[in-house]
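Numbering (our numbering), first residue to last: 161 to 452.
C-beta: ideal position from N, C-alpha, C; glycine also.
What follows is a set of notes on a single structure, which appears directly below.
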Amino acid sequence: MERNRFSEFLIEKGLFITAIFSIIIILLIVSFILIEGLPAFEDYGFFRFLFGMTWAPNDGDFGVFAMIIGSIYVTMLSLLMAVPLSLLCAIFMAEVAPNNVRRILKPVIETLSGIPSVVYGFFGLIVLVPLIRTYFGGTGFSMFTAAIILTIMVLPTIITISQDSLRAVPQEYREASFGLGATNWQTIRHIIFPAALPGIITAIILGMGRAIGETLAVIMIAGNVVQIPGSIFDPVRTLTANIALEMGYATGLHYNALFGTAIVLFLIIMILLLIANYIQHKYKVDVGGGYL
Numbered sequence: 161m162e163r164n165r166f167s168e169f170l171i172e173k174g175l176f177i178t179a180i181f182s183i184i185i186i187l188l189i190v191s192f193i194l195i196e197g198l199p200a201f202e203d204y205g206f207f208r209f210l211f212g213m214t215w216a217p218n219d220g221d222f223g224v225f226a227m228i229i230g231s232i233y234v235t236m237l238s239l240l241m242a243v244p245l246s247l248l249c250a251i252f253m254a255e256v257a258p259n260n261v262r263r264i265l266k267p268v269i270e271t272l273s274g275i276p277s278v279v280y281g282f283f284g285l286i287v288l289v290p291l292i293r294t295y296f297g298g299t300g301f302s303m304f305t306a307a308i309i310l311t312i313m314v315l316p317t318i319i320t321i322s323q324d325s326l327r328a329v330p331q332e333y334r335e336a337s338f339g340l341g342a343t344n345w346q347t348i349r350h351i352i353f354p355a356a357l358p359g360i361i362t363a364i365i366l367g368m369g370r371a372i373g374e375t376l377a378v379i380m381i382a383g384n385v386v387q388i389p390g391s392i393f394d395p396v397r398t399l400t401a402n403i404a405l406e407m408g409y410a411t412g413l414h415y416n417a418l419f420g421t422a423i424v425l426f427l428i429i430m431i432l433l434l435i436a437n438y439i440q441h442k443y444k445v446d447v448g449g450g451y452l
């Protein structure tokens, strides 16, 4: 008995230390970014940095507003395509597909998440860019091309977590719905999907984080032009791409400005997460209690 209590004590303290260590690492990373990036805000001005339209380090201009818009546009366009596809696939795998089909589809979809970003970027460069150029004009390096690749990249995350959320809904809900005469689709639409909605929103949040944080694939196919796109076929530069492209040779204020870009990216992610969590809390469904 004493031995079991001692083992539980060690496990509890070990988990606590691991959690604290993770928090410390996050705080150290955030502190480092703030220390390196704040000089850019002090010398150049925070609002001038945030809303400036020109990024020209050689001329002393460090406005990131066009890249903020580019990052948000690419992320939202990719989610606009990825979320419906992911949810339909998750519903099919969780509630419709036979077990043998599910056993094949699940590992195939999970394999997509293990493909390196450079492979996705190379595929977009060799296949998608020429197709976009041929059928839609322009150079092919565009926000739309980047969004297609990001859609493919975030599909496994959203599908897997959404499927797990749907499967986690108690079987009693299904049986009660069928007992009242509901069809399979009516049960999915009015019972299963609402009950799994908090987990589905979490999946979308994680997919959004993957999309807005992606760098290498976007660098290869987005065009990397600092501008506010007039259409989805215009080239853009994202915040992550800007950091990766210029960090290797940046010095002085330019170096600090790139860390300032990281701070802006961090703030954007925090804002998007707060909005998503608010939506998750507002529309959280309690099937037993009965509100949607």
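Spanning the alpha carbons of residue 183 and residue 337 requires a straight line of approximately 44 Å. For the set 403, 412, 217, 393, the Cα lying nearest the Cα of residue 294 is the one of 393. Counting C-beta pairs with one atom in each stretch, the segment 418 to 428 and the segment 224 to 240 have three or more that are closer than 8 Å, which means they touch. Contact between residue 250 and residue 186 fails: their C-beta atoms lie close to 30 Å from each other, not under 8 Å. In the displayed model, residue 383 falls within a strand according to three-state DSSP. Using a Cβ-Cβ distance cut-off of 8 Å, the segment 231 to 241 and the segment 308 to 322 are in contact, since at least three pairs of beta carbons, one from each stretch, lie closer than that value. In this chain, the alpha helix (DSSP H) harbouring residue 367 covers 353 to 373. Given a length threshold of 4 residues, each whole run of the alpha helix (DSSP H) inside the segment 274 to 353 is given here in chain order: 277 to 283, 289 to 296, 303 to 327, 331 to 339, 344 to 347. Only exposed fits residue 345, as fewer than 16 other CB atoms lie within 10 angstroms of its CB. Going by DSSP, residue 262 is part of the alpha helix (DSSP H) stretching over 259 to 272. When secondary structure is reduced to three states using DSSP, residue 203 falls in the helix class. Around the CB of residue 179, fewer than 16 other CB atoms lie within 10 Å, so the residue is classed as exposed.
In this structure, the alpha-carbon of residue 331 lies about 14 Å from that of residue 324. The residue among 350, 399, 248, 442 with its C-alpha nearest the C-alpha of residue 376 is 399. Rounded to whole angstroms, residue 253 and residue 361 show a C-alpha spacing of 18 Å. As computed with DSSP, residue 221 is found in a beta bridge with 216. Judged by their CB atoms, residue 329 and residue 356 are nearer to each other than the 8 Å cut-off. Out of 257, 277, 395, 234, the CA that lies nearest to the CA of residue 299 is found in 395. Taking C-beta atoms as the reference points, residue 363 and residue 421 fail to come closer than 8 Å. Residue range 399 to 406 is occupied by the alpha helix (DSSP H) that includes residue 406. With the rule of 3 Cβ pairs closer than 8 Å, the segment 410 to 417 counts as touching the segment 202 to 213. With 16 or more other CB atoms across the displayed protein chains lying within 10 angstroms of its CB, residue 242 is buried. Residue 284 and residue 401 have their C-alpha atoms roughly 16 Å apart. Inter-residue distance for residue 218 and residue 234 is about 27 Å (C-alpha atoms, whole angstroms). In this structure, the CA atom of residue 276 is about 11 Å from the CA atom of residue 374. The beta carbon of residue 304 is closer than 8 Å to those of 237, 292, 296, 392, 393 in its chain, skipping five residues each way along the sequence.
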